[in-house]
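Notes follow once the structure below has been shown.
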Amino acid sequence: MTMNKPDVKPLKFNRPQLRFILSKLASAVSLWSRATGKSTIIAWLIHMIVTKMPRSCWGIVGSTYGQLLTRTLPSTIAQLEKLGYIKDVHYFIGRKPPENWNWPEPFQRPVSYKHFIVFYTGAGFHLISQDGNGSSSRGLNLDGYIGDEALLLDREKLGTDVIASNRGNKDYWKGCDLHHGKFLFSSMPWGDQGKWLLQDSLYYERDGNGFETVRNGMIKLQLEFVDSRSMSTRMQLYQEILELSRQLRFYPNPKAMKRAKQETPKGLLYSEANIFDNLGNIGIPYLEEQRRELSDFVFLIEILNQRPATVEAGFYPRLNIAHHAEECMANDYITGLNFNMAKLREPGCMLDADCLAHLPLRGAVDWGSKISCLLIGQIHKEAGEYRFLKDFHVKHPKLIEDLAKLFCDYYAHHLCKEFHFIEDSEWGNARKPDSKLTYNQAFAEELRLRGWRVRHFNQGRVPSYAHRYKLGIDLLGEQDARQLLIRFNKVNCRHTLTAMSMAPLKENSKGEIEKDKSSERKKTIPGEEATHFTDTVDLHFLSIDKHVVRSTPESQGLLIVSS
């Protein structure tokens with residue numbers, strides 16, 4: 000009888016992954032771009048914990064339980080399978096293993112396995128979320144923790160809850176470098192959130208290692224490489240990229256470094272990497288596809304891992320992302336999927352807790368020759384809030400039909416198929432040479448063909464920048480108790496939030512306030528970071544001021560919407 004041999008494939012690690020694996024590290028902060036291999040190294044880290052620290056208890060931390068289930072677990076499970084770990088064979092999620100399997104239990108076993116992953120060695124991982132829907136770290140004795148999408152984590156909560164629980168059990172794994180380690184993985188922080196992650200890189204500055212200058216030079220060359228269509232130019236650029244890459248040195252911190260409210264411990268490895276470090280695995284066609292399909296902001300920040308610049312005094316000075324934005328995952332719906340990874344990967348409004356299916360959606364579009372942006376909002380009358388739910392964009396040559404399709408596909412399961420179109424009459428009334436309809440009319444018609452009823456809210460002539468600047472201060476400042484509170488979905492509106500936090504302010508020759516739009520003409524600055532998305536925000540704000548009547552005692556709190 001012939002036995003089938005298992006399909007064994009050699010593991011291939013890229014340079015950042017090998018650095019992580021081979022460094023004698025005790026903790027790590029890894030700011031790696033999309034498609035660099037974060038999920039692979041998280042799976043490898045779990046493998047090391049399972050084999051080197053049997054019966055230990057760790058935490059896997061996310062900003063929300065929905066994030067852990069929809070973004071962290073699916074990719075981690077896929078990579079664990081490549082390492083030979085099969086769900087419901089080598090580990091269980093959300094339940095205990097069968098008793099007759101006689102697996103050892105963790106030294107600090109959980110009271111409930113509902114938010115727990117247990118492996119065959121008795122090692123386990125609490126699924127800890129900062130929104131309170133997953134496991135809580137309070138009262139736990141953790142042997143270490145792993146944080147995915149760490150830029151979304153609240154640093155204060157992490158300190159008071161998870162970091163404070165990373166303690167004890169020192170007699171069990173003496174000499175194990177991993178014990179009580181912190182391992183944070185993230186793409187590059189943007190806006191004002193996640194900046195604390197960059198603080199752990201300061202030991203390089205102390206050591207005279209100016210890696211930022213080298214990386215900025217590399218990213219500039221990498222962008223030129225992607226945008227070039229000349230093979231000879233690419234070959235020359237790639238050699239220059241390799242030369243700069245050889246100058247980059249990342250290593251574990253040789254000496255503990257204390258700062259106010261934060262410490263970079265000895266043995267922590269801070270590193271940055273981008274898709275070029277994984278080019279041998281993903282290939283140039285994938286890189287080119289990402290450049291075509293993704294917005295400039297997403298490509299530069301999440302693919303090339305560029306550190307975004309900041310604006311000290313911008314056009315929206317009252318914007319506070321920590322206050323005005325939050326993650327809004329529909330945890331009940333997500334939990335009901337019972338770890339069905341295929342369904343958890345499907346994008347759509349069913350995953351959004353802030354989208355109320357029985358209410359109309361409101362949208363504003365900024366039409367552009369290079370990029371067109373759509374921002375969706377909704378009035379939550381009972382909560383007294385104006386919710387920004389999601390932003391969409393398409394890049395040239397895609398335009399009206401493509402933007403409409405993105406919207407209709409995402410909101411296919413929205414019950415109330417009513418769209419309140421906040422029109423930009425200045426540019427939206429322009430026509431394509433081959434069409435009798437204006438951009439706005441054509442977009443509305445596409446929605447009607449997909450079963451949506453469209454109501455038009457005409458803004459008329461858009462007011463001055465000074466008016467819009469003051470209106471933004473009023474709405475975001477929350478000084479008028481009758482006014483709707485402005486709230487954003489932190490994940491779905493990340494382009495908009497970044498654009499607002501980086502929209503610069505200037506004075507014209509007459510001393511009047513203006514939004515500085517010069518960055519729209521600079522190829523190296525992302526379109527969303529410029530002001531495209533902020534123009535859609537202005538349209539929503541103006542519509543609130545014009546079409547939504549403030550709550551008054553006489554109206555008994557009613558919000559009146561008129562076209």
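0 is the number of the first residue of the sequence shown in numbering that gives the first Met the number 0; add one for each residue after it. Glycine is no exception: its CB is placed at the ideal position from the N, C-alpha and C atoms. Only a predicted model underlies this, so the values are computations on that prediction, with no experimental measurement involved.
Alpha carbon to alpha carbon, how far is isoleucine 218 from asparagine 277? Give it in angstroms, no decimals. 15 Å
Of the residues Asn491, Ile472, Tyr202, Glu445, the one placed nearest asparagine 319, counting alpha carbons only: Ile472
Cβ-Cβ separation, phenylalanine 406 to phenylalanine 420 (assumed contact under 8 Å), whole Å: Incorrect: roughly 11 Å between the Cβ atoms, too far for contact.
Glycine 526 in three-state terms, based on DSSP: Only weak support exists for where glycine 526 lies, its pLDDT of 44 falling under 50; the coordinates are left without a value.
In the stretch 323–394, which residue ranges form an unbroken beta strand (DSSP E) of at least 3 residues, counting only runs that do not cross its ends? 360–365, 370–379, 384–394
Apart from the five residues on each side of it in sequence, which residues of its chain come closer than 6 Å, Cβ to Cβ, to glutamate 513? Tyr464, Lys505, Asn507
Grab the span of the alpha helix (DSSP H) containing arginine 245 for me, first residue to last. Arginine 245 -> alpha helix (DSSP H) spans 230–246.
DSSP three-state label for leucine 436, please. coil
Same chain only: Cβ atoms within 7 Å of lysine 416, ignoring 5 sequence neighbours per side: Gly450, Trp451, Arg452
Using only alpha-carbon positions, find the residue among Thr495, Pro253, Gly146 that is nearest to tyrosine 202. Pro253
Secondary structure of aspartate 544, DSSP reduced to three states: helix
In whole angstroms, give me the CA-to-CA distance for threonine 523 and arginine 291. Note that threonine 523 has pLDDT 48, beneath the 50 cutoff, so the model's placement of it is unreliable and the number below is only indicative. The alpha-carbon atoms of threonine 523 and arginine 291 are separated by roughly 15 Å.
Cβ-based neighbour list, glutamate 325, same chain, cut-off 6 Å, excluding 5 preceding and 5 following: Lys489
Which whole-angstrom value describes the C-beta separation of aspartate 176 and glycine 266, a residue pair presumed to lie in contact below a C-beta threshold of 8 Å? 7 Å
Could you check where the beta strand (DSSP E) with glycine 143 kicks off and where it finishes? For glycine 143, the enclosing beta strand (DSSP E) starts and ends at 143–146.
From what residue to what residue does the alpha helix (DSSP H) around methionine 501 run? 493–501
Three-state secondary structure (DSSP) of cysteine 407: helix
In chain order, what residues of the same chain lie with their CB nearer than 6 Å to the CB of glutamate 104, ignoring the 5 residues before and after it? Gly121
Within 10 Å of its beta-carbon, does methionine 349 have 16 or more other beta-carbons around it, so buried, or fewer, so exposed? buried
Name the one or two DSSP bridge partners that proline 251 has. Leu268
Which stretch, first to last residue, makes up the beta strand (DSSP E) that contains glutamate 417? 417–422
Residue from Arg481, Cys354, Arg94, Pro251 with nearest C-alpha to aspartate 206: The candidate whose alpha carbon is nearest that of aspartate 206 is Pro251.
What are the residues that DSSP puts in a beta bridge with phenylalanine 487? Ala324, Phe387
Cβ shell of isoleucine 333 (< 8 Å), same chain only, five flanking positions each side left out: Tyr64, Gly65, Leu68, Thr69, Leu343, Leu350
Alpha carbons only, please: which of Ala382, Arg18, Ile48, Gly93 is nearest the one belonging to asparagine 337? It is Gly93.
Only counting the same chain, and skipping five residues up and downstream in sequence, which positions put a Cβ closer than 8 Å to that of methionine 0? With a pLDDT of 46 at methionine 0, under the threshold of 50, the predicted position of this residue should be treated as unreliable, though the coordinate-derived value follows. Counting only Cβ-Cβ distances below 8 Å, and skipping sequence neighbours, we find nothing.
Contact check, leucine 388 vs isoleucine 370, beta carbons under 8 Å: It is not a contact, given that the beta carbons lie outside the stated cut-off.
Tell me which residue opens and which closes the beta strand (DSSP E) that glutamine 261 is part of. 261–263
Confirm, please, whether the CB-CB distance from aspartate 160 to serine 583 is below 8 Å. Given a span of 0 to 562 for the chain in the structure shown, any question on residue 583 remains unanswerable.
Might you give, ordered along the chain, the residues of its own chain that have their beta carbon closer than 8 Å to the beta carbon of threonine 495, omitting 5 neighbours on each side? Leu374, Phe387, Asp390, Phe487, Glu527, Phe532, Thr533, Thr535, Val536
So who's on the other strand from tryptophan 31, going by DSSP bridges? Looking at the DSSP assignment, tryptophan 31 forms a beta bridge with Ala272.
Comparing alpha-carbon positions, which option in Glu148, Ile85, Pro9 lies nearest tryptophan 31? Glu148
Closest to methionine 499 by C-alpha separation, out of Gly313, Phe442, Asn208, would be which residue? Gly313
Just to check, is the beta-carbon of phenylalanine 224 closer than 7 Å to a non-hydrogen atom of the ligand ATP? Annotation note on the ligand ATP: not contained in the displayed structure, which lists no ligands.
When you compare only the Cα positions, how much space is there between leucine 139 and arginine 54? 14 Å
Pick out whichever of Ser74, Phe182, Lys173 has its Cα sitting closest to the Cα of leucine 150. Phe182
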